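J.: In our numbering, the protein residues as written are 7 to 428. No residue lacks a Cβ here, since even glycine has one placed at the ideal position from N, Cα and C. Values in this document were obtained by computation on a predicted structure and should not be read as measured data. I have a structure I would like to understand better, so I am pasting it below and will then ask my questions one at a time.
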Amino acid sequence: MTEILDELDWRGLIAQSTDRDALAAALAAGPVTVYCGFDPTAPSLHIGNLVQILTLRRLQDAGHRPFALVGGATGLIGDPKMAGERTLNDPSVVAGWVEHIRRQIAPLLRFDGPAPATMVNNLDWTQDLSAITFLRDVGKHYRLGTMLAKDTVARRLASEQGISFTEFSYQILQGMDFLELFRRHGVRMQTGGSDQWGNLLSGVELIRKVEGVAAHALTTPLITKADGTKFGKTESGTVWLDPGLTSPYAFYQFWLNADDADVVGLLKVFTFRTRAQIDELAEAVATRPQARQAQRALAEDVTRLVHGDEATEQVIAASQALFGRGALVDLDAATLGAAVAELPTVPGQVGDRLVDLFAASGVVDSKAAARRAVAEGGLSVNNERVADADATLAHEHQLAGRWTVLRRGRKTLAVVDAGPSV
Numbered sequence: 007m008t009e010i011l012d013e014l015d016w017r018g019l020i021a022q023s024t025d026r027d028a029l030a031a032a033l034a035a036g037p038v039t040v041y042c043g044f045d046p047t048a049p050s051l052h053i054g055n056l057v058q059i060l061t062l063r064r065l066q067d068a069g070h071r072p073f074a075l076v077g078g079a080t081g082l083i084g085d086p087k088m089a090g091e092r093t094l095n096d097p098s099v100v101a102g103w104v105e106h107i108r109r110q111i112a113p114l115l116r117f118d119g120p121a122p123a124t125m126v127n128n129l130d131w132t133q134d135l136s137a138i139t140f141l142r143d144v145g146k147h148y149r150l151g152t153m154l155a156k157d158t159v160a161r162r163l164a165s166e167q168g169i170s171f172t173e174f175s176y177q178i179l180q181g182m183d184f185l186e187l188f189r190r191h192g193v194r195m196q197t198g199g200s201d202q203w204g205n206l207l208s209g210v211e212l213i214r215k216v217e218g219v220a221a222h223a224l225t226t227p228l229i230t231k232a233d234g235t236k237f238g239k240t241e242s243g244t245v246w247l248d249p250g251l252t253s254p255y256a257f258y259q260f261w262l263n264a265d266d267a268d269v270v271g272l273l274k275v276f277t278f279r280t281r282a283q284i285d286e287l288a289e290a291v292a293t294r295p296q297a298r299q300a301q302r303a304l305a306e307d308v309t310r311l312v313h314g315d316e317a318t319e320q321v322i323a324a325s326q327a328l329f330g331r332g333a334l335v336d337l338d339a340a341t342l343g344a345a346v347a348e349l350p351t352v353p354g355q356v357g358d359r360l361v362d363l364f365a366a367s368g369v370v371d372s373k374a375a376a377r378r379a380v381a382e383g384g385l386s387v388n389n390e391r392v393a394d395a396d397a398t399l400a401h402e403h404q405l406a407g408r409w410t411v412l413r414r415g416r417k418t419l420a421v422v423d424a425g426p427s428v
């Protein structure tokens, strides 16, 4: 237990904390009960939330007891954003998202054995709370000067949009969560992202004022790339944990495409590999970057964590098959569809000349170039070499009755899409 702060430091997971010496002493003295909140402001968590879940898991592995709070109440309001007011979602929608997010968190923490995790919903202690009781018992402990000084609030107040009383009050609700968890379960520590620092301190101060005891807070930094840009976005948007929003294949490819300058830091944050294992992978990045050994380890580990062994094996097989190291015909339709969705696509039907499709897809520059490549043995359909420049697309070429993978050399790929069957 005494080494967990050093471990989090080494992994780059500490941005801010309340009194470091007091926190270290509390963690060393025995199991600390710690919580992190997750608001259902979308139908799924994303990889930024994954940082927080895995931080809870690291604390649990060190012997501390984690609480994952899914904010059925705070999710009805939403933490103030830097740019503009949130759209308030219907309570029935938020309730559905609460259950979905609970299911996403559950496999990533242990709910039995030593230091078992607990899942809670802050709607349980807010839905029957009257406005008068809230203002008398909680609101009286907050000072406007402190609330107005919060960075997000100050920026919003200075903007054209301003900020509603609803969002302004969010920090009080989060502070009340910490107080309730302290009273109900003895929770003494809260973790969160660095953008939540003011909200975490809200709870620490409320517990000090109401209960007269010290509580602790720790934040993780915003994960950025080596060039300083925000991590967790692709051209198609946010990388979600829900396989319906980001397919396991696209999820795996996201990690596989990590830059050499970023991959070691990502291994520290998003995997449970040891220092020795990560040092070995860092050496591989430095001496054999073309092998992308660290990226493959990262992609496999995180995909297994989030999507499980079966889905991970399928996406690895798909990734290998696309580049000629496996049989495309062996892939299930869902995995194949997700894999080819990442490729340049051209429409095509049975009877179309293959050289025309290679040219139309951009795999080669022209039909003449396609014919030359066939003569040189450089083109393949579904990993089978094309031997006849006059060959046409056949039914047997259409994987899952729809897709045909075109390839030149090892790395230039496209897909012919016949469209869904009707």
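(1) What residues in its chain sit with their C-beta under 7 angstroms from that of residue 398, if we drop five residues either side in the sequence?
(2) Going by DSSP, which residues form a beta bridge with residue 72?
(3) Spatial neighbours of residue 304 within its chain, please: CB distance less than 8 angstroms, with the 5 preceding and 5 following residues excluded, ordered by chain position.
(4) Within the chosen definition, does the stretch 115 to 126 reach the stretch 92 to 101 through at least 3 CB pairs nearer than 8 angstroms?
(5) What do you reckon, are the CB atoms on residue 78 and residue 112 nearer than 8 angstroms?
(6) Report buried or exposed for residue 437, applying the criterion of at least 16 other Cβ atoms within 10 angstroms of its Cβ.
(7) Tell me, which residues are paired with residue 199 by DSSP?
(8) Using only CA atoms, which one of 345, 59, 9, 110 lies nearest to residue 313?
(9) At which residues does the beta strand (DSSP E) containing residue 423 begin and terminate?
(10) Could you tell me whether the Cβ of residue 254 comes closer than 8 angstroms to any Cβ of chain C?
(11) Based on Cα-Cα distance, which residue from 350, 257, 395 lies nearest to residue 307?
(12) Just how far apart, CA to CA, sit residue 299 and residue 192?
(13) Enumerate in chain order the residues of its own chain whose CB-to-CB distance from residue 230 is below 7 angstroms, with the five nearest sequence positions on each side excluded.
(14) Does DSSP classify residue 386 as helix, strand or coil?
(15) In terms of residues, what are the limits of the beta strand (DSSP E) holding residue 125?
(16) Report the residue ranges of all alpha helix (DSSP H) runs contained in full by the stretch 118 to 181; include only those spanning at least 4 residues, in chain order.
(17) Report yes or no: do three or more beta-carbon pairs, one from the stretch 325 to 345 and one from the stretch 139 to 151, lie closer than 8 angstroms?
(18) Is residue 320 helix, strand or coil by DSSP?
(19) Could you have a look at residue 295 and say whether DSSP puts it in helix, strand or coil?
(20) Since residue 352 contacts residue 420 with CB under 8 angstroms, what's their CB separation in whole angstroms?
(21) Hey, quick one: how far does the beta strand (DSSP E) through residue 352 stretch, first residue to last?
(22) Is there contact between the stretch 192 to 202 and the stretch 219 to 228, where contact requires at least three CB pairs shorter than 8 angstroms?
(23) With three or more C-beta pairs closer than 8 angstroms as the rule, is the stretch 387 to 395 touching the stretch 409 to 423?
(24) Hey, how far is the Cα of residue 46 from the Cα of residue 90?
(25) Thinking just about the alpha-carbon of each residue, which of 64, 311, 418, 179 is nearest to the one in residue 122?
(26) If we count the other Cβ atoms within 10 Å of its Cβ and call it buried at 16 or more, is residue 120 buried or exposed?
T.: Taking the definition as stated:
(1) 357, 358, 359, 360
(2) 40
(3) 261, 262, 264, 269, 272, 273, 276, 277
(4) Contact between the stretch 115 to 126 and the stretch 92 to 101 is not established, with fewer than three Cβ pairs separated by less than 8 angstroms.
(5) no
(6) Outside the displayed range of the chain (7 to 428) lies residue 437, so it cannot be described from this structure.
(7) 226
(8) 110
(9) Per DSSP, the unbroken beta strand (DSSP E) holding residue 423 starts and ends at 418 to 423.
(10) No chain C appears in this structure, which consists of one protein chain only.
(11) 257
(12) 44 angstroms
(13) 236, 237
(14) strand
(15) 124 to 127
(16) 129 to 132, 137 to 143, 150 to 155, 157 to 164, 171 to 174
(17) no
(18) helix
(19) helix
(20) 6 angstroms
(21) 351 to 353
(22) yes
(23) They touch, by the three-pair rule.
(24) Cα-Cα distance, rounded: 18 angstroms.
(25) Answer by Cα proximity: 64.
(26) With a threshold of 16 other beta carbon atoms within 10 Å, residue 120 falls short and is exposed.
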